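Numbering follows the working numbering, with no gaps: position 35 of the sequence shown is 46.
Where is the CB? At the ideal position from N, CA and C, for every residue including glycine.
Predicted, not measured: the structure shown is a model, and the values here were computed from it.
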Amino acid sequence: SQPIASRMQLIRAFVKEAARWLGKEVERPDNWGGYAVTPTRMEFWQGRPNRLHDRFLYTLKTDGKWEINRLSP
């Protein structure tokens, strides 16, 4: 990763690469590998100076939709 000047710079780079690979399979090195992570629960926490933090729990339901609950404390 590296710093960029703006979100617009990111969008321009994406559009350029998307056009370059349109209709082609993206090349990968022979030694390419990775992991597939499939979450079923995620918690997002945003701290606040007054300690009344925002916490949200996302839970994947069997129908593929996410249920969102606010947590406390």
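Can the beta-carbon of residue i be found closer than 8 Å to that of residue j?
i          : j          : result
residue 73 : residue 52 : no
residue 68 : residue 82 : yes
Straight-line CA distance for residue i to residue j?
i           : j          : result
residue 54  : residue 20 : 30 Å
residue 33  : residue 22 : 16 Å
residue 36  : residue 48 : 23 Å
residue 39  : residue 57 : 37 Å
residue 121 : residue 24 : What is shown of the chain runs 12 to 84, which leaves residue 121 out entirely.
residue 15  : residue 26 : 16 Å
residue 30  : residue 17 : 21 Å
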